[in-house]
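One structure is given below, encoded as structure tokens.
Chains as they are written, first to last, in the numbering used here: chain U, 1 to 295; chain L, 296 to 531.
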């Protein structure tokens, strides 16, 4: 294979992969801390798309403002959802609340899609690109848009990693996920930690939606594709394993880019789905789970 | 009076109280043991003191202030620590991160936090040695030590201990009890609940016996030495 083609595929794979990672990390964070599988994650992505569209196209602000607005807006949406629906459910349903939370998030998915349909109609609202132009280095084409998406996605994951690893709030969130009752005895308000964690997960979905608006125009079903991919990422990386989600996201992105080139469009889905089945059968805790850990 | 439980009625469902009119007083600096057969309501009592359950009647005072209705995460701020049953370390975090989180309620006072950490390391050199290890890699006994050390980061006045010997091998049980006596000697007020009646009676200053959710006997240890077998026989 020619080197330039290899580099081109590498870049394309990384761009896709970084987005899958961003979505997967949000989903994984919510599962790891609260035990909730958020089926409405794609709709949070969709809201991010719309926010980006309205802030940049309707209001006419520059795209970085749109990305920040999507992140901040979805952070608030996430906290409201957690405080208003999930937290009361957890308190009232007792031990059965996990099953109930499944039904709740599936319901939210349907409601959000239809609300978007009623409010905005089934029209695609896209933005052709965030930044125009490209550069060519030794026959490899670097589209500026892709580079911006890639670097902003990596920046977001980096900031999240720093927050979780080093800030006291991040440590309290990790402590809550590892032993919530123990965290409570140390004076940590675990219900606030749950709300913040859900908010951050939602914000990551919103930022993904904003960044990917050039590929997935805002429409009521915009989240359906990305959410499927993020479930793939979360299964391959291990449910609740945030580092695993980053690694799996990038791996899946690269696999897809190379599969599409060497096999044909469509085959990437076959390969990725086969990997998911293999992981579920042979290594259900995910490819990146520490030894001995159960899913 | 450090901790005063005044005729509380409490339980999981309003119609079925587990505890009825139970009173317990824990004197400052003393070790008070609450014993009783299975189902006597010992754990329910601890859960009620610590705010997981709200008593339908009665009140709970800590150093004269009512703590009834406070949430579990507000208790440490009131000077009441709770060593819960089973392991409660954060297994994927380092020993030092675990201890830092023990100082969560004083996190804005960097200096006090550093001092508390230094003090804990002086008292438990093993934790200093292992401070970069993840807590899940510690032995069972070391994890218990870490749990106790973590709770003392903010110098609470009263420590509630729920079944400290559950899941530990006999040799470690002795060590944990030594540690509990140590804590008492440092001036902490201790309230302990344990299935291992003899162990608890050995170290206690004052003993309460619960039975079927009611106060049954209570008195200083001397009153129970020699007669504890009779008390236990009553349960069977």
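Backbone N, C-alpha and C fix where the C-beta goes; we use that ideal spot for every residue, glycine too.
Cβ-based neighbour list, residue i, same chain, cut-off 6 Å, excluding 5 preceding and 5 following
i, result
"residue 295 of chain U", "Residue placement at residue 295 of chain U is flagged as unreliable, the pLDDT there being 35, under the threshold of 50; the coordinate-derived value follows with that caveat. 239, 284, 285."
"residue 293 of chain U", "With a pLDDT of 44 at residue 293 of chain U, under the threshold of 50, the modelled position of this residue cannot be trusted; read the value that follows with caution. Contacts found: 285."
"residue 530 of chain L", "332"
"residue 83 of chain U", "195"
"residue 483 of chain L", "454"
"residue 445 of chain L", "393, 394, 397"
"residue 363 of chain L", "354, 355"
"residue 180 of chain U", "190"
"residue 327 of chain L", "321, 486, 501"
"residue 425 of chain L", "390"
"residue 323 of chain L", "297, 484"
"residue 503 of chain L", "319, 329, 513"
"residue 34 of chain U", "194"
Any C-beta of chain U under 7 Å from that of residue i
i, result
"residue 441 of chain L", "no"
"residue 300 of chain L", "no"
"residue 371 of chain L", "yes"
"residue 265 of chain L", "No answer is possible for residue 265 of chain L: it lies beyond the span of chain L, which begins at 296 and ends at 531."
"residue 379 of chain L", "yes"
"residue 342 of chain L", "no"
"residue 518 of chain L", "no"
"residue 402 of chain L", "yes"
7 Å Cβ cutoff, residue i in contact with chain L
i, result
"residue 181 of chain U", "yes"
"residue 237 of chain U", "no"
"residue 176 of chain U", "no"
"residue 168 of chain U", "yes"
"residue 187 of chain U", "yes"
"residue 184 of chain U", "yes"
"residue 288 of chain U", "no"
Collapsed DSSP secondary structure at residue i in the structure displayed
i, result
"residue 192 of chain U", "helix"
"residue 354 of chain L", "strand"
"residue 318 of chain L", "strand"
"residue 501 of chain L", "strand"
"residue 258 of chain U", "helix"
"residue 167 of chain U", "coil"
"residue 515 of chain L", "strand"
"residue 29 of chain U", "helix"
"residue 134 of chain U", "strand"
"residue 522 of chain L", "coil"
"residue 481 of chain L", "coil"
"residue 325 of chain L", "coil"
"residue 298 of chain L", "strand"
"residue 214 of chain U", "helix"
"residue 11 of chain U", "helix"
"residue 305 of chain L", "strand"
"residue 221 of chain U", "coil"
"residue 362 of chain L", "coil"
"residue 452 of chain L", "coil"
"residue 174 of chain U", "helix"
"residue 461 of chain L", "coil"
Closer than 8 Å at the beta carbon, the chain L residues around residue i
i, result
"residue 172 of chain U", "396, 399"
"residue 190 of chain U", "368"
Cross-chain neighbours of residue i in chain U, by beta carbon under 7 Å
i, result
"residue 309 of chain L", "The premise fails here: residue 309 of chain L is roughly 15 Å from chain U at the closest Cβ pair, so nothing lies under 7 Å."
Cutoff 8 Å; reference residue i; Cβ partners in own chain excluding five residues on either side
i, result
"residue 31 of chain U", "37, 38, 234, 239, 240"
"residue 492 of chain L", "330, 523, 527"
"residue 104 of chain U", "85, 86, 89"
"residue 347 of chain L", "367"
"residue 258 of chain U", "9, 13"
"residue 150 of chain U", "11, 14, 15, 18"
Same chain only: Cβ atoms within 7 Å of residue i, ignoring 5 sequence neighbours per side
i, result
"residue 458 of chain L", "380, 488, 489, 490"
"residue 350 of chain L", "303, 304, 305, 343, 363"
"residue 217 of chain U", "124, 125, 126"
"residue 373 of chain L", "357, 362, 365"
Where residue i meets chain U, residues with beta-carbon distance less than 8 Å
i, result
"residue 385 of chain L", "174, 175, 178, 179, 182, 183"
"residue 445 of chain L", "186"
"residue 376 of chain L", "185"
Under 9 Å by beta carbon: chain U residues contacting residue i
i, result
"residue 392 of chain L", "171, 174, 175"
"residue 388 of chain L", "171, 174, 175, 178"
Just list the beta strand (DSSP E) runs in the region 364-430 of chain L, keeping only unbroken ones of 3 residues or longer that don't cross its boundaries, in chain order. 375-378
Output the residue ranges of the alpha helix (DSSP H) runs that lie fully inside the region 21-72 of chain U and measure 4 residues or longer, sorted by chain position. DSSP runs (the alpha helix (DSSP H)) wholly in the region 21-72 of chain U: 41-53.
Completely contained beta strand (DSSP E) runs for the region 89-151 of chain U, where each covers 3 or more residues: 134-137, 140-143
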